[in-house]
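S.K.: In our numbering, the protein residues as written are 14 to 172.
Where is the CB? At the ideal position from N, CA and C, for every residue including glycine.
Quick one: this structure, given as structure tokens, is what I'll be asking you about.
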Ligand code: HEC
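Written as structure tokens, this is what we have:
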């Protein structure tokens with residue numbers, strides 16, 4: 014048997030190994046809905062630690078994203094954008110943090126790629142959250158699709 018310090022080391026090594034093997038996923042569970050997705054992007058894998066994308070600037074009229082919005086991409090989406098992968102892979106997530114003039118968050122708009130969710134429109138699952146996490150709307154949101162489909166050639170993504 015291990016002596017006490019060795020045993021402690023062995024336990025530590027095993028714990029580290031397990032932690033590495035079950036590294037946190039970079040996208041929420043594919044069956045999860047709004048509230049769980051919000052928990053994921055705020056508590057489990059905070060979106061502010063995702064890749065921040067440079068602003069595009071002017072948004073078309075009717076876009077829910079204000080002039081102070083910042084766009085974030087989860088690691089899967091960030092890699093796809095970097096490599097120009099189209100269509101974007103499953104579990105890609107993009108999020109707009111929409112802020113008011115005083116920098117407070119006004120809303121979060123998000124799109125997640127979910128295989129076979131809605132193939133005709135690129136399998137994107139759309140969400141809109143209030144700043145407190147309330148799910149304002151989610152799913153196949155016509156409002157979002159109508160505008161984003163202008164970018165069908167880049168898989169509904171403006172970036
Ligand atoms: C009238 C047009 C319009 C509507 C409606 C719209 N968007 Fe967008 N959206 C844009 C534009 C333009 C950008 C790029 C903005 C930028 O980066 O400055 C964008 C960016 C995004 C992004 C970042 C990824 C990308 O495409 O660049 C997400 C995520 C997003 N929108 C989600 C939504 C959701 C969810 C809805 C519905 C609640 C929605 N959008 C409705 C025009 C629109």
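1) Under the DSSP definition of a beta bridge, which residues are partnered with residue 108?
2) Less than 9 Å between the C-beta atoms of residue 77 and residue 159, yes or no?
3) In three-state DSSP terms, what is residue 169?
4) Apart from the five residues on each side of it in sequence, which residues of its chain come closer than 7 Å, Cβ to Cβ, to residue 128?
5) Taking 8 Å as the cut-off, is the CB of residue 82 close to at least one heavy atom of the ligand HEC?
6) Any heavy atom of the ligand HEC closer than 8 Å to the CB of residue 101?
7) Based on the DSSP output, what are the partners of residue 152 in its beta bridges?
8) Consult DSSP for residue 33 and reduce its assignment to one of helix, strand or coil.
9) Give a yes or no on whether the C-beta atoms belonging to residue 144 and residue 117 are separated by under 9 Å.
10) With a threshold of 8 Å, are at least 3 pairs of Cβ atoms found where one atom belongs to the region 146-162 and the other to the region 42-54?
11) Below 6 Å CB to CB, which residues in the same chain sit around residue 151 once its five sequence neighbours on both sides are set aside?
12) For residue 61 and residue 121, I'd like the C-alpha separation in whole angstroms.
13) From the DSSP secondary-structure annotation, give me the bridge partner or partners of residue 66.
M.R.: Walking through what the data contain:
1) 85 and 123
2) no
3) coil
4) 103 and 136
5) yes
6) no
7) 139
8) Per-residue confidence for residue 33 stands at a pLDDT of 49, beneath the threshold of 50, marking its modelled position as unreliable; the derived number appears in the next sentence. If DSSP states are grouped into helix, strand and coil, residue 33 belongs with the helices.
9) yes
10) yes
11) 47 and 140
12) 12 Å
13) 84
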